[in-house]
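So for the sequence shown, the working numbering puts the first residue at 14; every next one is plus one.
The block underneath contains the structure these notes are about, expressed in structure tokens.
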Amino acid sequence: MADAEQDHQQPQTEQELDDEIARLEAEIEALRAERDEMQQRMMRALADAENARKRAEKDRQEATQYGGSRIARDMLPVYDNLQRALGAVNDEDRAAAAALIEGVELTLHEFLQTLERHGVSRVSPEKGETFDPQLHEAMFEAAVPDVPNGGVIQVMNDGFLLHDRLLRPAKVGVSSRSESQPQEE
14 MADAEQDHQQ PQTEQELDDE IARLEAEIEA LRAERDEMQQ RMMRALADAE NARKRAEKDR
74 QEATQYGGSR IARDMLPVYD NLQRALGAVN DEDRAAAAAL IEGVELTLHE FLQTLERHGV
134 SRVSPEKGET FDPQLHEAMF EAAVPDVPNG GVIQVMNDGF LLHDRLLRPA KVGVSSRSES
194 QPQEE
């Protein structure tokens, strides 16, 4: 038995030692490469998790800010109908139905205030204001002498914004240059 221990403890040849060192160095290099790959995977996973967190936060903020856009858009015809009802009343009827008209006006006012509390604002351009395709929809063009080319001449329907997003453009008539008008320079 003592001979077996001596055989095991006998020094290996130099070639065997060099081979063992080369094998261990290769194993160390493979482990380092595996460690580096795992570290890269972990960094990518952390970056992906951070991006997912930021994306979820942005989605949550947008849902909070713009989540009511569908109901707000669906409520715009109510505003239009109240406006039409008030516009249809002539002066004779106005005196006879003053209380009713006042009620409709108060309802319209409260309706607009409620929309504003929820971030909905009205887009109602003034006559002569420059046409903005981001906020207005041109329904017709007509030459109007006292309004510059490209100016709003009539508002058929107000537009509405939900914060900074357009719910509905204002439907407007736009001034165009007639052949008899001189060109502005």
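Every residue gets a Cβ at the ideal spot worked out from N, C-alpha and C, and that includes glycine.
Rounded straight-line distance, which links the Cα of residue j to that of residue i
i, j, result
"Ala183", "Ser137", "7 Å"
"Asp87", "Arg66", "32 Å"
"Leu37", "Glu27", "15 Å"
"Arg178", "Ala108", "40 Å"
"Glu29", "Arg48", "28 Å"
"Gly116", "Arg181", "26 Å"
"Ala43", "Ile34", "14 Å"
"Gln52", "Leu175", "45 Å"
"Asp106", "Gln96", "16 Å"
CB contact flag (residue i, residue j, <8 Å)
i, j, result
"Gly172", "His149", "yes"
"Leu99", "Leu113", "no"
"Arg190", "Ala156", "yes"
"Val91", "Phe144", "no"
Cβ-based burial, residue i [other Cβ within 10 Å; buried from 16]
i, result
"Ile160", "In the sequence on display, residue 160 carries Val and not Ile. Counting Cβ neighbours within 10 Å, Val160 comes out buried, since at least 16 surround it."
"Asn94", "exposed"
"Leu59", "exposed"
"Arg45", "exposed"
"Leu119", "exposed"
"Asn170", "buried"
Identity of the residues DSSP links to residue i by a beta bridge
i, result
"Glu154", "Val187"
"Arg135", "Phe173"
"His149", "Ala183"
"Gly164", "Thr143"
"Asp97", "One detail in the question is off: residue 97 reads as Arg in this sequence, not Asp. Arg97 pairs with nothing; no bridge assigned."
Meets three-Cβ-pair contact criterion under 8 Å: the segment 156-166 and the segment 70-87: Taking one beta carbon from each stretch, the segment 156-166 and the segment 70-87 have fewer than 3 pairs nearer than 8 Å; the two do not touch.
Cβ contact check for the segment 121-131 and the segment 143-160: 3 or more pairs under 8 Å: Contact between the segment 121-131 and the segment 143-160 is not established, with fewer than three Cβ pairs separated by less than 8 Å.
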